[in-house]
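Below is one structure, written out as structure tokens, with a few remarks after it.
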Amino acid sequence: MTTARMDLLDPYEVAQLGDIELVARGVVEGFLAGLHRSPFRGFSVEFAEHRPYQPGDELRYLDWKILARADRLFVKQYEEETNLRSMIVLDVSRSMDWAGSERRLTKLEYAKRLVAALALILLRQRDATGLIGFDEEVRAVVRARARHRHWWPLLSAVVSLTAGGGTVAEPALRQVTDLLRRRGLVIFVSDLLLDRDLALLALQYLRHRGHQVTVFHIMDPGELSLEGPPEARFEDPETGDSLVARPRELRTVYEDTVHRTIQQWRAACRGGGIDYHHVLTDTPFGYVLRRAAASRSRLG
Amino acid sequence: MIGFLQPLALLGLAAAAIPPLLHLMGRRLPPTVLFPAVQYLTATEREHSRRLKLRNLLLLLLRVAIILLIVLAVARPVARVGAGTAHPPTALALIVDNSLSSGAVVAGQRVLDVLMQRARHVLARTAAGDRLWLVLADGIPRRISRGEAAAVLDSLTPWPLRLDVAEAVRAGARAAAAAGLPVWEVVLLSDLQATAFSPGDPATARVLAWEPPEVPQNRGIDSAYAEPPVWSPEGAVVAHIGGSWEGAAAVRLAINGGDVARAVARPGDRAALAASGPRRGWLVASVQLDPDELRADDRWWLALQVADPAAVRAEPAVGRFVQEAVSVLQGGGRAREGSEVVLTDRPRDGVALVFPPHDPSLIGSVNRALAARGIGWRYGELVEGEWTLTGEVGPAEGAVIYRRYRMRGSGVVLARVGGEPWLVRAGNQVLVASRMEERWSALPISAAFIPFLDLLINRVAATESWTVQAAPGAAVVFPPGAEALLLWGGPAVIPGDGRLAAPLEPGVYLVRGTGGDTVGALEVNHDYRESQLAPASPRVVRATLGADAHVLGGQALDRELFGGARRAELTGLLIAAAILAAVAELALASVGRLKRRE
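Residue numbers (the numbering used here), protein chains in the order written: chain A, 77 to 376; chain B, 943 to 1540.
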């Protein structure tokens, strides 16, 4: 039972229980167990057909539009989509290798576990799943395969990725178009500390090509607020840029800036039909997966 | 124009540099913090940098302003408010220094006349609602009307007194402050002698001192005394010449109006004027200098007593030390052979100086003889110890006594040991409690013994008279037996406690005793400090009278007169401003975490 509910535990504590594989398995088991009691049908579920309502059917599956138009009771039936090809794009830039507290995973460690869990779920649904790791260039590519055993090379690639240099997303996203020839699912996992306009352009291009796109915006809670000594030189580990500031003076307006940035990402993604999830690294993996699954369901 | 009551506090203005220094020091080497979201921070700083810089600048200015305002408040600034000649009702203490030195003549005009002219000008500026106190050389503030003050000034002359200007200012300030008016001032019209500023508390009022005219060179007689005190009939008068005049001057000794001796001396010299008394008894003498710009200190009065030495006989019972000493005095002319004064071991007819008998068993018969003569003193038990002699014993003051008889009884006590009588007098009998032998006292084997015996014979046993020196108007304590002071207008009775004020006029005044004879003399002379005309600097005036004392020229005095009524202390205003600045600083610092924009 412990592993069954691993998806709901604190990520840092979960990470202490074992390696990425164990954590991913535990999270997925817990997630799928919870799914049986939820209205969500997974990441790759799609609408299949209508059938007449029968007593006992859950009202939440009732098609209210048909009821309104034709005054007839129909329920929607779903079926798992097969042959969906998905590609997970993971940001492994240096900025990802940071945690605001020793009691939290770095953004990269958190993202690796999330990616492993996502890949396992997709593969269990018999979706072909691939991986691209990038920083300022493409660091690793694992082509999409639907075999269940394909999780192992994926997992191996995830584990082997280490934090690199800067962040340039376009080459990686461009490569997705080469790897996903037909309509598929692109999952972009990054702290989004990159050129937003260029990244959005690339993501919208993917959307234009018919791909479904989901963005996981990974952020450490320490980035939401500005803490530190009365005066400090804040240095970007990725670019080396620095700035002397007094947290007490800037804290409030900094929080404004961060929230505004998140809202801008959210609005831009929504406008482009992109699924956007803001993820803090102290959020249990199960919550993130459920939120993403629910969002995917609505899209479907 | 702004002045400060505590200008030294302005040194604290340097503290205004503390906030900028702390700011600069705090900027050095801040710690580096790795933070990947620097781009958010950069965007934030870019958007708000102007506001932040402005806010920080305002905070810095406010902190500096708080320190400046507090320091300025501690310095107690005063500023002129309003203008014009009208002034609110003011309590004014007007000090006109008509002390002895005001009689000095400068450029053909007496200093006092210049001071009175200025005083009349001040009086003309007073208004109906003002209250006036006039302080003259006696230092006593007198409540007075403007008309009465003008009348006093019209008849004012230099008094032969010394005025302690600082004390007069303090007294005037107290009187004016007690008037209950919101504003009070002291106007000081004086030659501002440096010797007239005694240390003490600052005056409790604004003091406007008129800058005195240039003072002349002066010389005076600081003191004079007869040597020896009793001439027989030759003697000398030693005069101490004071003042700042560098040149030599003639010094003359006059006795009963006639010059008897002359010398030349400079300030700082001691001139000895030898002469012979023209007759026995009391003589009035004076030492005079050639006249200068200040005449009142050029003469010194003194009383001379001319008398033959006492005729003395020492009986063998008094011991060899006394006998030898008497022989020495007789050989030196300080005593004659005879029986006017008998030195003995029991009471005798006539004047006797009685020492205890060698044999203690004889004390009883001595006491019986004393009782038979109606003398109130008795020899008591013999005690031993070590005591110090104090009293009218001249050179024997401080001599050590080892053995003595306790003196029982009452009467005139001339000297004591251990707080008990040792040398007493009853009529013409003078009793000594110790024998003059080395086992009884260290006195017989000391150099002071013969002068001590001279004193006993010529002044105590022979009831030699005394002189008392005093300044004009000073309180005098006369010795016992003084009954009346012989003034020119008639005798003044001396009260039982011997206290009486000296006459204001310098001179020699004889004192009549209870028996009707002249028993002493009072010498009234000027205070030598009045001869020192050098003025005090404005710094000394301020140091003595407080920071709100100002030495001003004529025009400045006119301008500042009643200025206190138009001057306000800004301390409260500055404190209020500092509090406002502190509140503003607190508010600004509290919203330092800039408000979230809606």
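The C-beta atom is built at its ideal place from N, Cα and C for all residues, glycine as well.
Query	Result
What's the gap between the Cα of Asp147(A) and the Cα of Arg127(A)?	14 Å
Rounded C-beta distance between Arg327(A) and Glu307(A)? I'm assuming under 8 Å.	With a Cβ gap of about 13 Å, Arg327(A) and Glu307(A) do not count as contacting.
Given Val1435(B), which residues of its chain have a CB within under 6 Å of its CB, disregarding the five upstream and five downstream residues?	Ala1426
Going along chain A, which residues have a C-beta under 9 Å from Leu976(B)?	Trp174, Phe310, Glu311, Asp312 and Pro313
DSSP three-state label for Leu1365(B), please.	strand
Report back the beta-carbon spacing between Arg1204(B) and His1182(B) to the nearest angstrom; my notes put them in contact at under 8 Å.	Actually they do not touch by this definition, with Cβ atoms about 17 Å apart.
From the DSSP output, in three-state form, read off His112(A) for me.	With a pLDDT of 47 at His112(A), under the threshold of 50, the predicted position of this residue should be treated as unreliable, and no value is reported.
Can you find a C-beta in chain B that's less than 8 Å from the C-beta of Tyr330(A)?	yes
Does Val1006(B) have its Cβ less than 8 Å from a Cβ in chain A?	no
Does the beta-carbon of Gly1189(B) have 16 or more other beta-carbons within 10 angstroms, so that it is buried, or is it exposed?	exposed
With a threshold of 8 Å between beta-carbons, can Leu1528(B) be considered close to chain A, or not?	no
The alpha helix (DSSP H) with Val252(A) in it runs from where to where?	Glu246 to Leu255
Please state whether DSSP places Val1374(B) in a helix, a strand or coil.	strand
Would you call the CB atoms of Asn1198(B) and Val1293(B) closer than 8 Å?	no
How many angstroms separate the CA atom of Phe361(A) from the CA atom of Tyr88(A)?	10 Å
Given a cut-off of 8 Å, decide if Ala1214(B) and Val1226(B) are closer than it, judged by their beta-carbon atoms.	no
Between Pro305(A) and chain B, is the shortest Cβ-Cβ distance under 8 Å, so that the two count as touching?	yes
With C-beta atoms as the reference, is Val289(A) less than 8 Å away from Val265(A)?	no
Tell me the DSSP secondary structure of Ile1082(B) in three-state form.	coil
Are the C-beta atoms of His965(B) and some chain A residue less than 8 Å apart?	no
Report yes or no: do three or more beta-carbon pairs, one from the segment 1455-1472 of chain B and one from the segment 1119-1133 of chain B, lie closer than 8 Å?	no
Give me whichever residues DSSP pairs with Lys995(B) in a beta bridge.	The partner list for Lys995(B) (beta bridge, DSSP) is empty, contrary to what the question assumes.
Taking the alpha carbon of Arg221(A) as the point to measure from, which residue in Asp167(A), Pro297(A) and Ser162(A) has its own alpha carbon closest?	Ser162(A)
Skipping 5 residues on each side, what residues in its chain have a beta carbon closer than 7 Å to that of Leu1001(B)?	Glu1527, Leu1530 and Ala1531
Is the segment 1257-1265 of chain B touching the segment 1233-1247 of chain B in the sense that three or more CB pairs, one from each, lie closer than 8 Å?	no
Would you mind telling me which residues of chain A sit closer than 8 Å to His990(B), beta carbon to beta carbon, in chain order?	Leu326 and Val329
With distances taken Cα to Cα, identify the nearest neighbour of Val1410(B) among Gly1457(B), Arg1441(B), Leu1464(B) and Glu1380(B).	Leu1464(B)
What does DSSP give as the partner residue(s) for Asp351(A) in the beta ladder?	Thr290(A)
From this set, Ser177(A), Gly209(A), Arg250(A) and His353(A), which residue's C-alpha is nearest Leu279(A)'s C-alpha?	Arg250(A)
I need the DSSP call for Arg117(A), collapsed to helix, strand or coil.	Summary for Arg117(A): the model assigns pLDDT 49, below 50, so the residue's position carries little reliability; its value from the coordinates is reported in the next sentence. Looking at Arg117(A) - three-state DSSP - the assignment turns out to be coil, as it is neither helix nor strand.
Would you mind telling me which residues of chain A sit closer than 7 Å to Thr986(B), beta carbon to beta carbon, in chain order?	Leu326, Val329, Tyr330 and Thr333
Three or more beta-carbon pairs under 8 Å between the segment 1051-1059 of chain B and the segment 1070-1081 of chain B, yes or no?	no
Quick one: measure Cβ to Cβ for Leu1487(B) and Tyr1451(B), integer angstroms, because I've assumed they're closer than 8 Å.	Leu1487(B) to Tyr1451(B), Cβ: 36 Å. No contact.
Could you check where the alpha helix (DSSP H) with Ser1269(B) kicks off and where it finishes?	Arg1262 to Gly1273
Rounded to whole angstroms, what is the Cα-Cα separation between His1063(B) and Leu1095(B)?	11 Å
Expressed to the nearest angstrom, what Euclidean distance is found between the alpha-carbon atoms of Gly1162(B) and Ala1412(B)?	17 Å
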